[in-house]
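Right, one structure below, let's go through it.
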Ligand code: AHR
């Protein structure tokens, strides 16, 4: 058995818990929109064609903000195709995912869905095939109250109130050669700056996100952020990070520690942003919007048959997540929370069917993947401030990251109590975690759950939807306060 320890002291805070840490992403990709959030004719569909079962699980997941409509999709998207009478909307080729886009769902439907789900919409503009003019048109259409051609078009379409979208992404992954309209950092930085400046003329209070790197392994990583921020520093609020992880060649130890890369990624981007700020003699601080993160088995997708036709809503990126994925995912959530001083928004990519916590069958059932649970528990129980807990833990050697801690943890503390979120990455040994909570007075554990399974590759399916689900952890001792974390597990310990 491993021994580990952490300390809870409300005097040592990192930052407030940011609700936007619990964002997700809906892209016109595969079955995320069609037969995901939207499926008229489904027995659970509401009057607008939205699946009520998916809406229910979105609420249960505790989603705060949803990015839309892409992703790679946005870099070829004409937003006007998605407004007006549905029967008159054009069908278009979607080059990003080699699909046919029917445009049955557009910006107004998406915002209507957001209101029903109780989430904030986050919009991305197309800076791949398009530019400043189209971004301004979309902003005016969405946010101007009325009395102009574009805002009146929205009103005529049934959305009397402006959509009031605060957070806008200036394009998507334009550092990536796969992106339609891929650019150099300088080309993108200039375009993003001028688009941001013009958008702020319509509404100076917008929160704007410049594209950072599509991963810390990109050849341009670091230089990209520096160049883009030199151009955009005064007119944007965030630089984005995107990262996906997977288990390679059965190397479970490295995979469970993949948050090591996320930590490095965040620290490097923050350092780069701050160094640009210093060079520009600016007191302004740029935050990180980690607006795509997840486990994604990209190598499996690469091996799939190439698409030769242009299907509507094909099955793409429908990864089935197992227990080990959920534990690696939990480590990523811990990392996002621990960096709440600078990561003030994040989007799990994506919400339904496409590398998603929620899965649906067309015309049929809905179920929670293993990764649903860490997200839902963290969103539900993280409140108040994030605490610096200084874990003391044994380490193990990994191929990808060298020595890494066996256990990783973070805690939050607020009026509702204190919650510890912890992962045990050991494949074969439990961790006996001692929690020093003396600074909190006489608290005790009011609930301890663990997400684990004897088979780290066990998954939830439509037929067995609760194989991987949080269960009460019976191994809790009161004095000293100690909780046993099973091998390969995600754990939530609530104290009050
Ligand atoms: O989330 C899937 C894809 O991953 C997104 O479309 C793109 O931005 C990223 O490469």
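Numbering (the UniProt record's numbering), first residue to last: 1 to 496.
All residues carry an ideal CB built from backbone N, CA and C; glycine is no exception.
None of the values given here were measured: they were computed from a predicted structure.
Annotated three-state conformation of residue 373 is helix, per DSSP. Around the CB of residue 204, fewer than 16 other CB atoms lie within 10 Å, so the residue is classed as exposed. Taking non-hydrogen atoms of the ligand AHR into account, the C-beta of residue 242 is found less than 7 Å away from one of them. By the criterion of a C-beta distance shorter than 7 Å, residue 409 is surrounded in its chain by 6, 334, 389, 391, 420, 421, 422, once the five residues flanking it on both sides are discounted.
Per DSSP, the unbroken beta strand (DSSP E) holding residue 490 starts and ends at 489 to 495.
Along the length of the region 184 to 259, whole alpha helix (DSSP H) runs at least 4 residues long occupy 185 to 202, 223 to 232, 252 to 256, reported in chain order. Residue side-chain check: residue 217 keeps its Cβ at 7 Å or more from all non-hydrogen atoms of the ligand AHR. Rounded to the nearest whole angstrom, the CA to CA distance from residue 362 to residue 115 is 23 Å. The region 428 to 444 and the region 465 to 473 do not touch, with fewer than 3 CB-CB distances between them shorter than 8 Å. Judged by beta-carbon spacing, residue 119 lies within the 8 Å limit of residue 66, meaning their Cβ atoms are closer than that value. By the 16-neighbour rule on beta-carbons within 10 angstroms, residue 478 is exposed. According to the DSSP assignment, residue 60 belongs to the alpha helix (DSSP H) that extends over 52 to 61. With distances taken between CA atoms, residue 157 lies nearest to 108 out of 108, 163, 17. For residue 110, the uninterrupted alpha helix (DSSP H) segment begins and ends at 107 to 117. Residue 141 carries a helical assignment under DSSP once its states are collapsed to helix, strand and coil.
The beta carbon of residue 100 lies closer than 6 Å to those of 91, 310, 312 in the same chain, with the five residues before and after it left out. Around the beta carbon of residue 93, fewer than 16 other beta carbons sit within 10 angstroms, so the residue counts as exposed.
Here the region 429 to 449 does not lie against the region 349 to 366, with fewer than 3 beta-carbon pairs under 8 Å apart. In the three-state reduction of the DSSP assignment, residue 101 falls in the strand class.
Nearest neighbour of residue 264 by Cα position, chosen from 35, 338, 176, 235, turns out to be 338. For the 8 Å CB-CB criterion, residue 439 and residue 15 do not form a contact. The C-beta of residue 261 has 16 or more other C-beta atoms within 10 Å across all chains shown, which makes the residue buried.
Put simply, the backbone Cα of residue 56 is about 21 Å away from that of residue 28. At a Cβ-Cβ threshold of 8 Å, residue 360 and residue 51 count as neighbours.
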